[in-house]
Structure formats: C-alpha cells, structure tokens
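J.:
Residue numbers (the UniProt record's numbering), protein chains in the order written: chain A, 1 to 113; chain B, 1 to 168.
1) In the stretch 86–108 of chain A, which residues sit with their C-beta less than 8 Å from some C-beta in chain B, listed in chain order?
2) For a contact defined as C-beta to C-beta under 7 Å, what are the partners of residue 12 (chain A) on chain B?
3) To which residues does DSSP link residue 5 (chain B) through a beta bridge?
4) What would DSSP say about residue 132 (chain B), mapped onto helix, strand or coil?
5) Using 8 Å as the Cβ pair cut-off and three pairs as the minimum, do the stretch 21–31 of chain B and the stretch 78–91 of chain A touch?
6) For residue 98 (chain A), tell me which candidate among A:12, A:34 and A:39 has the shortest Cα-Cα distance.
7) Would you check if the distance between the CB atom of residue 35 (chain A) and the CB atom of residue 106 (chain A) is smaller than 9 Å?
8) Using beta carbons (cut-off 9 Å, strictly below), is residue 42 (chain B) in contact with chain A?
9) Leaving out five residues on either side along the sequence, give the residues of the same chain with a beta carbon under 7 Å from the beta carbon of residue 168 (chain B).
10) So with Cβ pairs under 9 Å, would you call residue 8 (chain B) a contact of chain A?
11) Taking 9 Å as the threshold (beta carbon to beta carbon), is residue 20 (chain A) in contact with chain E?
12) For the beta strand (DSSP E) containing residue 44 (chain A), name the first residue and the last one.
13) Whose C-alpha, out of A:108, A:100 and A:75, is nearest the C-alpha of residue 27 (chain B)?
14) Does the distance from the CB of residue 47 (chain A) to the CB of residue 21 (chain A) come in under 9 Å?
15) Hey, residue 60 (chain A) and residue 87 (chain A) are a contact pair by Cβ (cut 8 Å); roughly how many whole angstroms apart?
16) Pick helix, strand or coil for residue 142 (chain B), following the three-state DSSP scheme.
17) Which residues in the same chain have their Cβ closer than 8 Å to the Cβ of residue 158 (chain B), if we skip the five residues on either side of it in sequence?
18) Do residue 8 (chain B) and residue 68 (chain B) have their beta-carbon atoms positioned less than 9 Å apart in this structure?
19) Who are the neighbours of residue 74 (chain A) on chain B, taking C-beta pairs under 7 Å?
20) In the structure shown, what three-state DSSP assignment does residue 117 (chain B) receive?
21) Residue 84 (chain A): which of A:15, A:62 and A:49 sits nearest, CA to CA?
22) Going by the DSSP bridge assignment, what does residue 12 (chain A) pair with across the sheet?
23) Beta carbon of residue 45 (chain A), beta carbon of residue 17 (chain A): below 9 Å?
24) How about residue 62 (chain B) and residue 108 (chain B): are their beta carbons less than 9 Å apart?
25) Could you tell me the alpha carbon to alpha carbon distance between residue 24 (chain A) and residue 5 (chain A), rounded to whole angstroms?
26) From residue 104 (chain B) to residue 88 (chain B), what distance separates their C-alpha atoms?
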C-alpha cells in the first residue's frame with residue numbers, strides 16, 4: 001500500500017538509494033500501489049557519481065511491500081520493507097542488478113534477474 | 001503444494017493458512033497463525049516459550065530422537081507419479097504416524113511415572129499422619145484390621161490400598 005509521500009528503498013544498482021512516491025500510475029484517483037505497480041517517485045537520496053541525482057523525478061516499479069501480498073492459492077507473503085526498482089518510460093530497468101528477494105508476480109516485467 | 005512447518009510452534013501449515021514472512025536476506029519464515037506471527041514480531045525466542053515444540057523438545061518434555069523422524073525429511077527432488085508408489089506412501093504415512101504418536105505418548109507416560117509414584121508415597125504418608133481425622137482413635141485401637149496394611153517398598157509399581165469405608 002504505497003501512496004504519495006511514502007519512502008521506498010531502492011532494490012537495484014541504478015544509483016538511487018531512497019525514493020519518495022509522488023503518484024500512483026493507473027486511474028486518476030488511484031489510492032494505493034502494490035507489488036508490481038508503477039509509481040512516479042522523486043529521488044531523495046542517491047549514491048554519488050551516478051547518472052541519477054537527488055530530486056530527480058523518475059518512474060519505479062514496486063517489488064517489496066510491508067503490506068501482505070495475497071496469492072490465488074491462499075498464500076500470503078509479507079516483506080520487511082518497501083522497495084522499488086527504478087524504471088524508464090518503456091518499463092526497462094535502469095540498473096543491472098536487483099538486490100533482495102522479489103515476488104514471482106514480477107516475472108511478467110522484463111526485470112533482468 | 002507443500003506442507004510447511006511453522007517457524008515458531010512447529011505445527012504444520014496447510015495451504016491457505018498462515019503468513020509467510022520474507023526477510024531482506026531472503027530467509028522465509030512460515031507461520032501457522034497470527035499468534036505465532038505476533039510472537040515472532042515481539043522477538044520472542046520459541047525455545048523459551050512454553051507451548052512451542054521447540055521448548056518441549058529442548059527441555060525433554062517430548063521425544064527428540066526416533067527412527068520415525070527419518071521418514072519425514074524435506075526432499076527437494078519431485079518424484080515421478082507412480083500410482084503404486086503413491087498408494088504405498090499413503091499407507092506408510094498412516095502407519096508411521098501411528099507408531100510415532102504411540103512412542104511419543106509412551107515417552108510422556110514414562111516421564112510422568114516418577115511423579116505418580118512420588119504423589120502416592122506422599123498420599124500414604126499424609127494418611128498415616130492424619131488417620132485421626134478419618135477414624136476415631138478408639139475404633140483404631142479396638143479393631144486392628146482398620147490399620148493400614150504393611151507397605152511393601154516397591155518403587156516401580158506403587159500399591160493401591162483401599163481405605164476401608166467408615167460406617168457412621
């Protein structure tokens with residue numbers, strides 16, 4: 001349940017460290033974003049000397065949430081933090097590696113694993 | 001589909017039950033119900049929480065080593081479906097389950113045996129000391145058959161003697 005003002009960790013090596021969600025992509029008044037949704041975020045903290053800089057507006061896809069993910073087979077999965085992977089307009093990840101565990105629902109997106 | 005063990009209480013988690021928590025180091029914790037999940041969030045150590053299997057095994061309350069445990073190991077290689085194999089496995093599961101639960105209950109019974117003997121000894125002592133509460137002293141003196149029979153010190157099997165009913 002990611003909404004605007006939510007801080008998220010970055011789970012790849014794109015150069016950003018922490019993002020703050022600005023907008024949930026989808027309907028015009030969509031409230032929350034879950035695992036697999038795209039958000040617009042601003043970079044709050046970045047690793048120095050990388051192409052991404054602080055206060056840059058980028059898109060990201062959410063890979064881990066503290067809110068449980070419910071599967072059709074009844075499995076409920078919870079994570080320890082909220083994390084996202086930086087993405088470009090087409091949907092390709094900006095980084096090359098992804099850190100941490102990721103839900104299987106993200107297999108449809110072409111995230112390099 | 002796989003039946004997992006609850007990380008906290010060690011009971012089986014069936015599909016559709018419980019929550020799986022994935023820590024950031026990718027370790028997965030399965031919980032059978034919110035009770036175990038909440039205890040985990042409180043950072044309680046299952047080895048110190050009395051109702052968990054971990055505590056019971058650690059403190060010798062439950063059976064720890066038995067050959068029946070060898071059958072229930074985690075196998076990661078899927079077996080090709082064979083009807084006979086499946087049928088035999090199901091029969092074996094039932095049999096092994098019964099054997100294991102019998103052995104576990106025997107373990108508990110043996111553990112409780114010494115306590116039972118102790119309690120009977122204490123009860124006998126109490127009866128000897130407090131016989132005046134039960135019988136009139138005159139009646140005891142007159143009728144020696146009302147006295148307690150001689151106690152044979154048999155540690156393994158405690159004798160149960162009946163206290164003669166008193167007609168009032």
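Glycine is no exception: its CB is placed at the ideal position from the N, C-alpha and C atoms.
These figures come from a predicted structure and were not determined experimentally.
T.: Short version:
1) If the cut-off is 8 Å between Cβ atoms, the stretch 86–108 of chain A has 100 and 101 near chain B.
2) Near residue 12 (chain A) there are no residues of chain B at all, since even the closest Cβ is about 14 Å away, more than 7 Å.
3) Partner(s): B:12.
4) Helix.
5) As far as the Cβ criterion goes, the stretch 21–31 of chain B touches the stretch 78–91 of chain A, which means the pair count is three or higher.
6) Looking at the Cα atoms, A:12 is the closest of the given residues.
7) Yes, these two residues count as a Cβ contact at 9 Å.
8) Chain A, which has no Cβ nearer than 9 Å to the Cβ of residue 42 (chain B), makes this no.
9) Residue confidence is low: residue 168 (chain B) scores 47 on pLDDT, short of 50, so the model does not pin down where it sits. Its coordinate-derived value is still stated next. Within its own chain, no residue has a Cβ closer than 7 Å to the Cβ of residue 168 (chain B) once the five positions on either side in sequence are excluded.
10) Not one chain A Cβ lies under 9 Å of residue 8 (chain B).
11) This model lacks chain E altogether; the protein chains it does include are A and B.
12) That run of the beta strand (DSSP E) goes 38–46.
13) It is A:100.
14) 9 Å or more divides the Cβ of residue 47 (chain A) from the Cβ of residue 21 (chain A).
15) Contact flag correct, Cβ pair sits at about 6 Å.
16) Three-state DSSP puts residue 142 (chain B) in a helix.
17) For residue 158 (chain B), the predicted structure reports a pLDDT of 43, less than 50, and the residue's modelled location is therefore unreliable. A value from the coordinates is still provided. Result list for residue 158 (chain B): 116, 117, 120 and 121, in chain order.
18) Cβ atoms of residue 68 (chain B) and residue 8 (chain B): not closer than 9 Å.
19) In chain order: 15 and 16.
20) Residue 117 (chain B): helix per DSSP, three-state reduction.
21) Distance check between residue 84 (chain A) and each of A:15, A:62 and A:49 places A:62 closest, using alpha-carbon atoms only.
22) Partner residues in the beta bridge of residue 12 (chain A), as assigned by DSSP, are A:98.
23) Yes, these two residues count as a Cβ contact at 9 Å.
24) Residue 108 (chain B) is positioned such that its CB atom lies closer than 9 Å to that of residue 62 (chain B).
25) If you take the alpha carbons of residue 24 (chain A) and residue 5 (chain A), they lie about 11 Å apart.
26) A direct Cα-Cα distance of roughly 24 Å separates residue 104 (chain B) from residue 88 (chain B).
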